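Q: Its first residue numbered 2, the sequence shown is counted upward by one per residue in the working numbering.
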Amino acid sequence: MTAPARVAGPDAESSLVWDDGALVVVDQRQLPHKVELLRLESVDEVIGAIRTLAIRGAPAIGLAGALGVAISAHRHRRADGSCDEPLVRADAEKLATARPTAVNLAWAVRRVLTALEGGPEAVLAEATAMLAEDRATNLRAARRAADLVCDLVPRRPLRVLTHCNTGRLATAAVGTALGAILELHARHLVAEVLVGESRPLLQGARLTAWELDQADVPYRLCVDSAGAAAMARGMVDVVLVGADRIAANGDTANKIGTYGLAVAAARHGVPFVVVAPESSWDPRTAGGEAIEVEERPAAEVIGFGGTAVGPLDARAFNPAFDVTPGELITAVVTEDRVFDPRRDAPAAGRDAARQLA
Ligand code: MRU
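1. Closest to V44 by C-alpha separation, out of A55, S15 and V89, would be which residue?
2. Based on Cα-Cα distance, which residue from A267, N250 and P87 lies nearest to G120?
3. Which same chain residues, not among the five before or five after V218, have their C-beta less than 8 Å away from its C-beta?
4. Our contact map puts A249 next to A107 with C-beta atoms below 8 Å; I'd like the distance itself, whole angstroms only.
5. For the beta strand (DSSP E) that K256 lies in, which residues bound it at each end?
6. Using DSSP bridges, identify the partner residues of Y260.
7. Assuming G228 and L329 form a contact by the criterion Cβ under 8 Å, report the distance between their Cβ atoms to the nearest whole angstrom.
8. So the alpha helix (DSSP H) C151 belongs to, where does it begin and stop?
9. What does DSSP give as the partner residues of P320 in its beta bridges?
10. Of the residues A309, R40, G176 and I56, which one's Cα is nearest the Cα of D21?
11. Roughly how many angstroms lie between the CA atoms of L24 and V18, to the nearest whole one?
12. I62 to E279, Cα distance in whole Å?
13. Quick one: what does DSSP say E336 is sitting in, helix, strand or coil?
14. Is there contact between the segment 330 to 337 and the segment 242 to 256, where contact requires at least three CB pairs shorter than 8 Å?
15. Decide if S226 is buried, meaning its Cβ has at least 16 other Cβ atoms within 10 Å, or exposed.
16. Between the beta-carbon of I303 and the beta-carbon of V324, is there less than 8 Å?
17. Counting along the chain, where does the beta strand (DSSP E) carrying D20 start and finish?
18. Throw me the rounded Cβ distance for the G197 and C223 pair, which I believe falls under 8 Å.
19. Would you report the Cα separation of R57 and R156, rounded to the nearest angstrom?
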């Protein structure tokens, strides 16, 4: 569906909105060459959009999951105004497991289900409240991360390396790591952003480059395998990335390639900062080894945009994410705090164990 003028759709504020019983999102598979809207009116459509990465990025898929439950609650409204709970819970389970790694998805679905007793309107009110909260969360985390980067790095202006897309497309507002980059840019502190392509689906090249271009932030695409070389040449002052799931000890799952960047950053003394909402923490997971990493189909590696780049029957190792050990992370910045895994992990592990006991 190409964006018709009449349809309320994602705007400068947010890339996903609720419009009269439907979730309207920018179809991220089409960017940067086409800006098309998808109007999702059923749970299966929401799940399909999450699985195929039309909607992607941990906070955004969480919000889509929550609004998917609202769609289900409206569809399963009983005559007395309540929801048919078992049917909504069954849809919620399918939504929560549409992708396995980003903990925001299950978290958001669990949270809207707490409103189920209040009926479809209460579920929708909870889901739309989460949209508004995500905006506020983004801004607070972005400012806190920008402050931290200013403290950590003396050089001005800054050269930043980022990976994947953590911006407006991945959240309901300015984004997490990309939000921090935009905040630094607003402070006139950014010389250049090196944007990792983020193969195979090129979230960096297609989406982050597009967002930076729109915001007039100077950037260059960085071949995925050139991140370490850029650091070795002294071209990077700080690495800023997002997260899909942060274990209690600070081990962080993020787009495949993040771990390699963290190893290179440690080797070259470059601060490596993760920016994420509190909802990306998973206190139920003690360490990164327990995080389930999504494996994507070989077809994504064998070809792109309809063009084959390898033998059609090639097998592939195509994990969507990797896990960076907390000991390689300088800080995890959220809307509420700055967490230094090397300093704070033992206490966090004890707290998590207590909560689970
Ligand atoms: O597979 P994707 O595109 O959903 O992966 C997204 C990432 O890895 C992001 O860095 C992460 O979700 C943080 S988005 C604020």
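No residue lacks a Cβ here, since even glycine has one placed at the ideal position from N, Cα and C.
All of these numbers come straight from a predicted model, not from anything done at the bench.
A: With the structure as the only source:
1. Per the Cα distances, V89.
2. It is P87 whose Cα lies nearest to the Cα of G120.
3. Sequence-distant Cβ neighbours of V218 in its own chain, meaning closer than 8 Å and more than five residues away, are I182, L183, H186, V191 and V194.
4. Incorrect: roughly 16 Å between the Cβ atoms, too far for contact.
5. Under the DSSP assignment, K256 falls in the beta strand (DSSP E) whose first and last residues are T253 to K256.
6. Paired residues: none, contrary to the question.
7. No, G228 and L329 are not in contact; Cβ-Cβ is about 14 Å, not under 8 Å.
8. Note, C151: alpha helix (DSSP H), P121 to L153.
9. P320 pairs with E296.
10. Nearest C-alpha to D21: R40.
11. One Cα belongs to L24, the other to V18, and the distance between them is close to 6 Å.
12. Counting only the Cα atoms, E279 lies some 15 Å from I62.
13. The answer is coil: DSSP assigns E336 none of H, G, I, E or B.
14. In short, these stretches touch, since the Cβ pair count reaches three.
15. Under this definition S226 is an exposed residue.
16. Cβ distance not < 8 Å, so I303 and V324 don't count as in contact.
17. In this chain, the beta strand (DSSP E) harbouring D20 covers L17 to D20.
18. Sure, about 5 Å apart at Cβ, within 8 Å.
19. Roughly 33 Å between the two C-alpha positions.
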